[in-house]
Amino acid sequence: MSKRKQFLESVHHEHVQDFLNFIRLHVSRVYNALCQSQRQELWERQLKLLQHSLTAHPPERWITGAEEDAGDMEVEISEEQKGYVCIPPVLALLTEVAQACLSHKPEEDQEDQEDRTSLTIRILTNIFQKVVEIIAHRLRKDKEEGQELCCSSEEALYDFLLVTKFTTERSEFITGVFSSLCAAVIIDISRTLQKISHVEEVLTPETVNDLPPLSNTILKVMLRSPAVTRFFLSEMSSSIESEAIDSITQWAAVTHILTIIKQSDAFIVELKEIALSVRRQIQNYYNITAENSDNIQRTIYESTVRMLIDILNQCQQSNS
Numbered sequence: 020m021s022k023r024k025q026f027l028e029s030v031h032h033e034h035v036q037d038f039l040n041f042i043r044l045h046v047s048r049v050y051n052a053l054c055q056s057q058r059q060e061l062w063e064r065q066l067k068l069l070q071h072s073l074t075a076h077p078p079e080r081w082i083t084g085a086e087e088d089a090g091d092m093e094v095e096i097s098e099e100q101k102g103y104v105c106i107p108p109v110l111a112l113l114t115e116v117a118q119a120c121l122s123h124k125p126e127e128d129q130e131d132q133e134d135r136t137s138l139t140i141r142i143l144t145n146i147f148q149k150v151v152e153i154i155a156h157r158l159r160k161d162k163e164e165g166q167e168l169c170c171s172s173e174e175a176l177y178d179f180l181l182v183t184k185f186t187t188e189r190s191e192f193i194t195g196v197f198s199s200l201c202a203a204v205i206i207d208i209s210r211t212l213q214k215i216s217h218v219e220e221v222l223t224p225e226t227v228n229d230l231p232p233l234s235n236t237i238l239k240v241m242l243r244s245p246a247v248t249r250f251f252l253s254e255m256s257s258s259i260e261s262e263a264i265d266s267i268t269q270w271a272a273v274t275h276i277l278t279i280i281k282q283s284d285a286f287i288v289e290l291k292e293i294a295l296s297v298r299r300q301i302q303n304y305y306n307i308t309a310e311n312s313d314n315i316q317r318t319i320y321e322s323t324v325r326m327l328i329d330i331l332n333q334c335q336q337s338n339s
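For the sequence shown, this note's numbering gives the first residue as 20, with consecutive numbering after it.
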């Protein structure tokens, strides 16, 4: 079963939104005043309620869109729902719960405890994906407000991602978090490329600021930590191998990401491996070059090829 289908079968939009609204209306007001034990007790209670909400209801009111569209994350959210305003405190609270959960080392005979931990991890990663969805949705509905949300969420997102540095044995947590980020960035950049109406608009990004707001925020935060960046690149490699990426704009999006990351010399091995995989995959789109020179898809393809050449040349120079 795909990650997307697992997510849709385990999360009920209405109940997750209720949870976010609860955080906004109640928890965020008193969180800083609580001592550590009170915070833990609060979260233990809320996790039990949330576990019930996530597992006891069928996935209704979701807009699925194209089947298995590289983790497409389109979700129905009405204008009356303002859960997005609580994204920073939600991320902060998820960070605390993740730290407590992932640092716990159950004894060998505590199978029930391990099962509960696994369920909690799944819930954490599902909520995190929901957070990413809401930010993306807000950017599409109101770009200025969405950009403000991105800025206000940066530090909380960074703290959450730092938790992954200490959880290499919890592959389900790593995969859940970075599959959401990888899909979000690829879809975000790909959608931007799909909106291009003139070949002159097809440009090679020079800095992270040349990316659309959501991708800008995610990569800016991620690149602050080499360990976090490697987790992201590992998940991107897995996405390529799983054949989840299936259009020239999505391959171009991957190459845009690699172009930004190559500015650091710390990931030569990973960049070379992924760039070679992308180069093999885009050979399937070579027929695009038969189109007229003013064809946008052809221009995107040729731009992607040039970026891959630059990436591989830099990798070669670093190895020599």
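Note that beta-carbon positions come from the ideal geometry of N, C-alpha and C, so glycine has one too.
Which same chain residues, not among the five before or five after E191, have their C-beta less than 8 angstroms away from its C-beta?
-> S137, I140, R141, T144
Within 10 angstroms of its Cβ, does E225 collect 16 or more other Cβ (buried), or is it exposed?
-> exposed
So what does DSSP say about V116, is it helix, strand or coil?
-> helix
Spatial distance of S171 from I330 (CA atoms) | 32 angstroms
To the nearest angstrom, report how far apart C334 and L290 are at their CA atoms.
-> 8 angstroms
Nonlocal neighbours in the same chain, by C-beta distance under 7 angstroms from M326, ignoring five residues either side = T223, T274, T278
What first and last residue would you give for the alpha helix (DSSP H) that runs through A309?
-> Segment: none, A309 is in no alpha helix (DSSP H) and carries neither H nor E.
Does the beta-carbon distance from I264 to Q300 come in below 9 angstroms?
-> yes
So, L181 versus V196, is the Cβ gap smaller than 9 angstroms?
-> no
Measuring alpha carbon to alpha carbon, tell me which of P231, I319, S216 ends up nearest E343.
-> Given that the chain is displayed from residue 20 to residue 339, the structure contains no residue 343 and the question cannot be resolved.
Going by beta carbon distance, what residues of the same chain come within less than 7 angstroms of I237, once the five residues before and after it are set aside?
-> L200, A203, V204
Environment of I328 [buried if 16+ CB atoms lie within 10 Å] = exposed
Exposed unless 16 or more other CB atoms sit within 10 angstroms - verdict on A285 = exposed
With respect to the alpha helix (DSSP H) encompassing H275, which residues constitute its N-terminal and C-terminal limits?
-> 267-280
DSSP three-state call for S322: helix, strand or coil?
-> helix
Residues near S258 by beta carbon distance below 7 angstroms, same chain, minus five either side = C201, I264
Near A175, which residues of its chain fall below 6 angstroms by C-beta distance, leaving aside the five closest residues on each side in sequence?
-> P107, L110, A111
When the Cα atoms are used, what is the spatial distance from C105 to E115?
-> 16 angstroms
Decide if N235 is buried, meaning its Cβ has at least 16 other Cβ atoms within 10 Å, or exposed.
-> buried
Please state if the CB of V221 and the CB of S322 are separated by a distance shorter than 9 angstroms.
-> yes
K239 (DSSP reduced to helix, strand or coil) = helix
What is the DSSP secondary structure of D161, reduced to helix, strand or coil?
-> coil
Endpoints, the alpha helix (DSSP H) within which Q300 is located = 287-301
Residue of R249, I307, A294, Y305 minimising C-alpha distance to S198 | R249
Taking only heavy atoms of the ligand HEM into account, decide whether any of them is closer than 8 angstroms to the Cβ of I328.
-> Because no ligand of any kind appears in the structure shown, any question about the ligand HEM cannot be addressed here.
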